[in-house]
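**Q** Here our numbering runs 87 ahead of the position in the sequence shown, where the first position is 1.
Ideal Cβ placement from N, Cα and C applies to all residues, glycine included.
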Amino acid sequence: MRRQFAILLALLPLLLAAQVGDLPRSTPAAEGTSTQAVINMMDSLMRLPECDIHHVMVVRHGKVIAEMHPTPFRAEDSHTLYSASKTFTSLAVGCAIDENLLRLDDRVMTFFPDKRTNRVSDNMAAMTVRDLLMMASGIKPDGTMRNNSTDWVKDFLAKPVDDVPGSRFQYDSMCTFMLSAIVQRVTGQTMLEYLQKKLFNPMHITVADWEMSPDGICTGGWGLRVQAETMAKLGLLLLNKGNWNGEQLVSADYMTAACSRLIDGGAKETVPPTDGNQGYGYQVWQSKWPGSYRADGAMGQYSVVVPEADLVVVILGMKLYGHEELACIWNHLMPGIKAEPLKPEKKLQAKLEKLCSGAMLSLPKGKKTSKKQMIWGKMMSLDPNKHNLKDLVIADDGQFRMFFNDGTEERIDMGYGQWSYSQLNGYPVYSINAINRMQGFAHDFTAAATYAWTSPTTLEVRIHYVDWISGTTFTFDFDKHEVTMRDTYPNSKPETVPFTIQ
């Protein structure tokens with residue numbers, strides 16, 4: 088028994104590593120796709136302004152024909168999905184329906200008799216699981232509720248329902264949270280536990296964690312963290328109507344409805360059409376390429392499915408107005424999709440491989456040393472700031488040490504002309520301010536950092552949280568004794584803070 092356990096321990100790293108590279112690999116030409124078209128798409132993505140691309144995967148006929156993970160991001164790194172998490176929630180609902188644990192027409196209030204207020208309005212009483220799936224609860228969205236409440240279910244059910252449920256699309260992440268709460272009520276498991284049993288185990292998805300509400304419910308509408316290849320698997324499951332390697336994991340009827348236009352999406356039609364107004368299914372967006380649809384998350388998290396081309400494209404990155412990434416698919420990749428395999432394109436294939444393997448997020452341009460480097464090893468004490476940083480030290484060995492007001496400390500190795508990796512003691516920068524945010528995430532985040540002296544008196548340190556999404560750039564001006572902190576979230580305001588050297 089002891090020997091078997093030792094063998095299992097020895098194999099465990101290999102079993103976990105197999106999560107990356109599960110899907111078969113091929114080349115674009117072998118799968119009827121122009122290699123130049125793939126190059127054009129990859130190149131256009133990397134050139135998008137004010138955009139960081141973290142992961143790209145192209146899957147044709149069930150095989151990965153190209154993938155790019157620009158340094159410092161790596162294939163094995165997890166990535167937070169924001170609202171692309173919603174599509175996984177929909178799959179959990181579909182599985183529960185298949186098990187006869189709930190129905191689309193079940194009334195939401197019936198699942199939570201302990202959360203009822205004194206009087207339930209007619210519209211609230213009429214709200215169904217289907218209405219939540221279609222973002223048509225009838226409740227005016229309130230993006231701040233999760234920031235102020237510790238009982239999200241009770242407070243959601245206490246809200247006024249101004250519209251007749253099912254009549255009008257109003258995008259609301261709390262609708263998806265309610266679906267997660269329903270799945271937990273009927274299964275007796277968190278939604279992540281339920282998905283692990285029903286989908287993740289059969290699909291060999293071994294790396295996943297999900298943010299939890301204050302009272303222990305998967306957030307549902309956001310907060311899932313998985314690898315890029317898991318998003319490719321999601322796209323294939325949607326493409327194949329719930330079938331995975333011959334096993335029907337979610338009923339085809341449910342999947343067909345989920346990936347259809349069931350409601351108008353709330354945006355008026357425009358000419359030309361956009362990806363934002365093509366309609367919505369069960370937590371799945373319709374896209375403007377005919378017949379296509381997608382999982383879609385804030386800052387540009389996509390698993391795009393084009394059934395007519397037997398194609399899935401995954402893009403994960405950081406850009407607020409992310410439909411420019413989708414345009415790269417439509418404008419550059421789709422013209423290269425062919426019905427039959429193409430002749431081998433060896434020179435273009437070598438060019439594609441070089442492009443993908445050499446992709447890297449930009450490094451600060453400057454020198455490795457400066458006369459001002461004498462400040463390394465000295466404490467810089469900051470004025471009050473939004474990051475709650477108290478002191479900073481850059482050690483002689485290039486280690487960036489940050490001390491927070493709560494007494495905690497981070498030590499991050501910096502590389503010059505390259506990225507150096509460090510494990511975090513705390514949590515990375517996050518744009519969501521929900522109560523107990525990040526509850527449920529494993530404490531294993533990784534930071535990659537690089538630096539350069541951009542002038543004799545200016546030092547720039549860039550940090551990316553590679554198994555998350557965000558990052559922060561610190562720019563030190565040693566003439567003014569100021570540091571400017573810029574989070575990578577689009578539209579986030581930089582903060583300039585004075586410091587004194589101790």
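Between Gly504, Lys477, Lys459 and Glu496, which has its C-alpha nearest Asp483's C-alpha?
**A** Your numbering for residue 483 matches position 396 in the sequence shown. Nearest of Gly504, Lys477, Lys459 and Glu496 to Asp483, Cα basis: Lys459.
**Q** Across the region 364–380 and the region 212–228, are there enough close Cβ pairs to call them in contact, namely three or more that are closer than 8 Å?
**A** Yes, the region 364–380 is in contact with the region 212–228.
**Q** For Arg312, write down the residues that DSSP places opposite it in a beta bridge.
**A** Working through the sequence shown from its first residue, we reach residue 312 at position 225. Thr167 and Asp296, per the DSSP bridge assignment.
**Q** Could you say which of Leu244, Thr231 and Gly230 lies nearest to Pro200 if we only look at CA atoms?
**A** For the purposes of this step, residue 200 is identified with residue 113 of the sequence shown, where counting begins at 1. For the residues Leu244, Thr231 and Gly230, the minimum Cα distance to Pro200 belongs to Leu244.
**Q** Going straight from the alpha carbon of Asp242 to that of Tyr514, what length do you get?
**A** Taking the sequence shown and counting its residues from 1, the one referred to as residue 242 is at position 155. Taking the sequence shown and counting its residues from 1, the one referred to as residue 514 is at position 427. Approximately 28 Å between the Cα atoms of the pair.
**Q** Determine the extent of the beta strand (DSSP E) in which Gln257 is found, giving its start and end residues.
**A** Locating residue 257 in the sequence shown gives position 170, where the first residue counts as 1. That residue, Gln257, is in no beta strand (DSSP E); it is neither H nor E in DSSP.
**Q** Would you say the region 466–475 touches the region 565–574, given that touching needs at least three Cβ pairs under 8 Å?
**A** Cβ pair count under 8 Å is three or more, so yes.
**Q** Within 10 Å of its beta-carbon, does Gly322 have 16 or more other beta-carbons around it, so buried, or fewer, so exposed?
**A** Within the sequence shown, numbered from 1, the residue matching residue 322 stands at position 235. It counts as buried.
**Q** Quick check on the DSSP output: the alpha helix (DSSP H) that includes Val146 runs from which residue to which?
**A** Counted from its first residue, the sequence shown places residue 146 at position 59. It is not in any alpha helix (DSSP H) - Val146 instead sits in the beta strand (DSSP E) that spans Asp139 to Arg147.
**Q** Can you list, in chain order, the residues of its chain with a C-beta nearer than 8 Å to that of Met196? Leave out the 5 residues immediately preceding and following it.
**A** One-based indexing of the sequence shown puts residue 196 at position 109. Counting only Cβ-Cβ distances below 8 Å, and skipping sequence neighbours, we find Arg203, Val207, Met211, Ala212, Met214 and Leu244.
**Q** Would you grab the beta carbon distance between Thr598 and Phe561 for me? Rounded to a whole angstrom, and I think it's under 8 Å.
**A** Since the first residue shown for the chain is 88 and the last is 589, residue 598 is missing from the structure and cannot be characterised.
**Q** Roughly how many angstroms separate the alpha carbons of Gln510 and Phe491, rounded to a whole number?
**A** As a working mapping, residue 510 is identified with position 423 in the sequence shown. As a working mapping, residue 491 is identified with position 404 in the sequence shown. Going by the C-alpha atoms only, they are around 17 Å apart.
**Q** Could you give the residue range of the beta strand (DSSP E) that holds Ala536?
**A** For the purposes of this step, residue 536 is taken as residue 449 along the sequence shown, with counting starting at 1. First-last of the beta strand (DSSP E) with Ala536: Thr533 to Ser542.
**Q** Name, in chain order, the residues that DSSP records as bridge partners for Trp463.
**A** What you label residue 463 is simply residue 376 of the sequence shown in a count that begins at 1. Per DSSP, none; premise fails for Trp463.
**Q** In three-state DSSP terms, what is Gly384?
**A** The sequence position of residue 384 within the sequence shown is 297, counting from 1. Here Gly384 sits in strand by DSSP.
**Q** Quick one: Cα of Glu298 to Cα of Ile292, how far?
**A** Indexing the sequence shown from 1 puts residue 298 at position 211. Indexing the sequence shown from 1 puts residue 292 at position 205. So the two alpha carbons sit approximately 17 Å from each other.
**Q** Using 8 Å as the threshold, is the region 120–140 in touch with the region 412–423, meaning 3 or more CB pairs across them?
**A** Contact between the region 120–140 and the region 412–423 is present, because at least three Cβ pairs lie under 8 Å.
**Q** Taking Ser224 and Pro252 to be in contact with their CB atoms under 8 Å, please state how far apart those CB atoms are, rounded to whole angstroms.
**A** To locate residue 224, count along the sequence shown from 1; it is residue 137. To locate residue 252, count along the sequence shown from 1; it is residue 165. Yes, Ser224 and Pro252 are in contact; Cβ-Cβ is about 6 Å, under 8 Å.
**Q** Give every residue of the same chain whose Cβ lies closer than 7 Å to the Cβ of Thr114, excluding the five residues on either side of it in the sequence, and list them in chain order.
**A** On the sequence shown, position 27 is the one that residue 114 refers to. The answer, listed in chain order, is Ile152 and Gln436.
**Q** Roughly how many whole angstroms lie between the Cα atoms of Ile588 and Asp109?
**A** On the sequence shown, position 501 is the one that residue 588 refers to. On the sequence shown, position 22 is the one that residue 109 refers to. So the two alpha carbons sit approximately 51 Å from each other.
**Q** Would Ala446 and Pro157 be called neighbours here (beta carbons separated by less than 8 Å)?
**A** Sequence index remark: in the sequence shown, residue 446 carries index 359 (1-based). Sequence index remark: in the sequence shown, residue 157 carries index 70 (1-based). Contact: yes.
**Q** For Tyr637, which residues does DSSP report across the bridge?
**A** This structure cannot settle anything about residue 637, because the visible part of the chain is limited to 88 through 589.
**Q** Hey, would you say Arg549 sits closer than 8 Å to Ala529, going by beta carbons?
**A** Reading the sequence shown from its first residue, position 462 is the one you call residue 549. Reading the sequence shown from its first residue, position 442 is the one you call residue 529. Not closer than 8 Å, so no.
**Q** Here's a check: name, in chain order, each residue in its chain whose Cβ is nearer than 8 Å to the Cβ of Asn234, leaving out the five neighbours to either side.
**A** Against the sequence shown, residue 234 aligns to sequence position 147. Cβ within range, chain order: Asn520, Ala521 and Ile522.
**Q** Which class does Glu432 belong to by DSSP, given the choice of helix, strand or coil?
**A** Here residue 432 refers to the residue found at position 345 of the sequence shown. Coil, per DSSP.
**Q** Report buried or exposed for Met88, applying the criterion of at least 16 other Cβ atoms within 10 angstroms of its Cβ.
**A** For this step, residue 88 is matched to residue 1 along the sequence shown. Caution is warranted here: a pLDDT of 36 is assigned to Met88, below 50, making its placement in the model unreliable, and the coordinate value is therefore given only provisionally. Per the 10 Å Cβ criterion, exposed.
**Q** What are the boundary residues of the alpha helix (DSSP H) that Gly181 is part of?
**A** Indexing the sequence shown from 1 puts residue 181 at position 94. Note, Gly181: alpha helix (DSSP H), Ser172 to Asp185.
**Q** Roughly how many angstroms separate the alpha carbons of Leu286 and Leu336, rounded to a whole number?
**A** Taking the sequence shown and counting its residues from 1, the one referred to as residue 286 is at position 199. Taking the sequence shown and counting its residues from 1, the one referred to as residue 336 is at position 249. Going from the Cα of Leu286 to the Cα of Leu336 covers about 7 Å.
**Q** On the premise that Asn578 lies in contact with Leu407, defined as a C-beta separation below 8 Å, what is that separation, rounded to the nearest angstrom?
**A** Here residue 407 is taken as the residue at index 320 of the sequence shown, counted from 1. Here residue 578 is taken as the residue at index 491 of the sequence shown, counted from 1. The pair is a contact, with the Cβ atoms about 6 Å apart (cut-off 8 Å).
**Q** Can you give the beta carbon distance from Met144 to Ala385, rounded, assuming they're within the 8 Å contact cut?
**A** Within the sequence shown, residue 144 is the residue found at index 57, counting from 1. Within the sequence shown, residue 385 is the residue found at index 298, counting from 1. Not confirmed; about 20 Å, so no contact.
**Q** Should Lys173 be labelled buried (16 or more other beta-carbon atoms within 10 Å of its own) or exposed?
**A** Residue 173 sits at position 86 when you count from the first residue of the sequence shown. So Lys173 ends up on the buried side.
**Q** Just tell me which of Ser121, Ser170 and Arg112 has its CA closest to the CA of Pro428.
**A** Mapped onto the sequence shown, residue 428 falls at position 341. When each option's Cα is compared against that of Pro428, the closest is Ser121.
**Q** For Leu102, collect the residues of the same chain with a Cβ closer than 8 Å to its Cβ; drop the 5 residues on either side in sequence, then sort them by chain order.
**A** Sequence index remark: in the sequence shown, residue 102 carries index 15 (1-based). The predicted position of Leu102 is uncertain, since its pLDDT is 42 and thus under 50; no value can be drawn from it.
**Q** For Asp564, does the three-state DSSP call read helix, strand or coil?
**A** Along the sequence shown, one-based indexing puts residue 564 at 477. Here Asp564 sits in strand by DSSP.
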